[in-house]
Each structure stands twice: as structure tokens, then as C-alpha cells.
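For reference, the structure discussed in these notes is given below.
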Amino acid sequence: MSEKNDTDSNDTQWPLWEVFTQPRDGKPHEHAGSLHAPDAEKALENARDVYARRKEAVNIWVVPSDQIVASKGEDAGPFFDPADDKPYRHPQFYSVPRVSKRRS
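Throughout the sequence shown, residue numbering follows our numbering, covering 1 to 104 in sequence.
What follows is the structure in C-alpha cells.
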């Protein structure tokens, strides 16, 4: 994601929006693509026209691209490594209560 100054007077392009669609109820939203629009309402309308015109979606999300925060590829190791330095997260530090069976 590139850093861009929103106050640049030479920039005449509308903001970039990321579009996520849900193919069916109960399914997760998936990234469908990107589009430019002046505001959220127009972005949603354009997303509907572009990504759901053949009823490919039951729900659409639009998010300004500059609002998405993501991990970096070079941080993959340290960022996703398990928390080995936090042994209290392992199950051996918790006792599981026993269930007694009672007959009526």
C-alpha cells in the first residue's frame, strides 16, 4: 500500500475502495477487487454494478484502501510464530473439572 498525500492539488483521482462480497448467506466475505469512487455511497453502488450484476453476491462491503492495515511479508516469521514465551497459554497449566455421573 503506498502512502499518498490527500492534500496534493495535482491529484484529481477519486479515492480507491476495496470491495468485499459475500457469495451466499453464511459464507465469508471475499475480496472481489478495487474501484475508485468519490464517497462510500457511490462506492457501494459501483461495487454492486461491477461485482454483483449477475447476482454473484448477497452482501457487499466497501472499505477505503487507505484504512486497511496489513502485516508485512518480511515480518511473517516473528509476527506469526507461536507464543512460546507465554507458557501459561498451554493447556497443562489448567485443570479440567471432572464430571460426576449421577443416577436418578
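Each residue gets a CB set at the ideal place from its N, CA and C atoms; glycine is no exception. From a predicted model like this one, the values you see are computed outputs, not experimental measurements.
query = Unbroken alpha helix (DSSP H) runs of length 4 or more, entirely within the segment 28-84: which are they?
reply = 40-51 and 76-80
message = In this structure, how does DSSP classify residue 22 when only helix, strand and coil are distinguished?
response = Indexing the sequence shown from 1 puts residue 22 at position 22. Of the three classes helix, strand and coil, the one that applies to residue 22 here is strand, per DSSP.
inquiry  = Going by the DSSP bridge assignment, what does residue 17 pair with across the sheet?
reply    = Here the question's residue 17 lines up with position 17 in the sequence shown. According to DSSP, residue 17 bridges with 35 and 64.
inquiry  = Buried or exposed, going by whether 16 or more other CB atoms sit within 10 Å of the CB of residue 70?
reply    = For this step, residue 70 is matched to residue 70 along the sequence shown. Residue 70 is exposed by the Cβ-count criterion.
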